[in-house]
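First comes the structure, then the notes that go with it.
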Amino acid sequence: MKRTKRQNNDLIQFSNSNKKRKLENQTSEEIGHNCVNYFPNVKTLSIKNTFSKSIDSTITTLQCMIPLMQLTKLIIECFIFPIKNIINLLYLTPNIHTLSLNSLLLNDMNKNSKKQNEILQYISKKNKIQKLVLNWRPSLSNIQFVVDLFPRLKYLKVEMDRKEIKQIIQFLLSKTHNKTRNLCIFKVPKVCLKQTKILIKSENLLNSYSIKYINKDLHFWW
Numbered sequence: 184m185k186r187t188k189r190q191n192n193d194l195i196q197f198s199n200s201n202k203k204r205k206l207e208n209q210t211s212e213e214i215g216h217n218c219v220n221y222f223p224n225v226k227t228l229s230i231k232n233t234f235s236k237s238i239d240s241t242i243t244t245l246q247c248m249i250p251l252m253q254l255t256k257l258i259i260e261c262f263i264f265p266i267k268n269i270i271n272l273l274y275l276t277p278n279i280h281t282l283s284l285n286s287l288l289l290n291d292m293n294k295n296s297k298k299q300n301e302i303l304q305y306i307s308k309k310n311k312i313q314k315l316v317l318n319w320r321p322s323l324s325n326i327q328f329v330v331d332l333f334p335r336l337k338y339l340k341v342e343m344d345r346k347e348i349k350q351i352i353q354f355l356l357s358k359t360h361n362k363t364r365n366l367c368i369f370k371v372p373k374v375c376l377k378q379t380k381i382l383i384k385s386e387n388l389l390n391s392y393s394i395k396y397i398n399k400d401l402h403f404w405w
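Converting from the sequence shown to the numbering used here requires adding 183 to each position, the first position being numbered 1.
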């Protein structure tokens, strides 16, 4: 059953069926108006806009609409979505296995916050995220952060600045405890295929791996 509601030119769509268990929202106000409804079969949550309400208020509203513990896929399409908001969502959704982000604003983190560090440790220990999509060009520090936060990560799809590719690949392959075994770098020129092969061979990073260039994406398995 698919429902659509429009208010002030904003659109909220959500589904509650066995075939498509998905909730999409564009504004926190829209979610608030739908708090009287409950959708027990929702598995995917997609957030498409920054919220005018606080994230705590939004999460409270979401909790009365959907079972957050049941979610397995979280898609955050906002380009401005503070890391503390992501952390708060992940804290309440430990069964997420697929996560997609459009940004990761690490500058917003308070590294001296004991509470925040405890939450990060909890998420790292409990989360089940195995597939991560980063829809922007993250820095090496971004990659280091997500690999540490999601230790069960197996598949990483990411756009990269060509200047960062070497360092990021070196980092991923040097992490002996890292479970990531599948990397997709999208929107790269074909020359990156040759450059990556040369890098792996010259630095003896791997003995066995597969690499392919398909539709402007570099696919890498090891």
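Ideal placement from N, C-alpha and C gives every residue a C-beta, glycine not left out.
- In the DSSP assignment, ASP331 falls outside any beta strand (DSSP E) and lies within the alpha helix (DSSP H) extending over 323 to 332.
- By the neighbour-count criterion, in which a residue is buried when 16 or more other Cβ atoms sit within 10 angstroms of its Cβ, MET252 is exposed.
- The beta carbons of LYS340 and CYS367 sit closer together than 8 Å.
- Cβ neighbours of ILE266 within its own chain (closer than 8 Å, five residues either side excluded): LEU287, LEU288, LEU289, ASP291, MET292.
- Per the coordinates, the alpha-carbon of ASP400 lies some 16 Å from the alpha-carbon of LEU315.
- Comparing C-alpha distances from ILE306 to each of THR276, ASN318, SER283, ASN224 shows the shortest one belongs to THR276.
- Looking from the CA of PHE328, the closest CA among MET248, ILE259, GLN304 belongs to GLN304.
- C-alpha of LYS311 to C-alpha of LYS346: approximately 31 Å in a straight line.
- Taking 8 Å as the cut-off, the beta carbon of PHE354 is found closer than this to the beta carbon of ILE326.
- Cβ contact annotation for LEU356 (same chain, cutoff 8 Å, sequence separation greater than five): ILE383, LEU388, LEU389, TRP405, in chain order.
- Under the 10 Å beta carbon count, THR363 is surrounded by 16 or more other beta carbons and is classified as buried.
- Taking the C-beta atoms as reference points, LYS373 is found no nearer than 8 Å to TYR338.
- Between the beta-carbon of ILE259 and that of PHE222 there is about 19 Å, and that puts the pair past the 8 Å contact cut.
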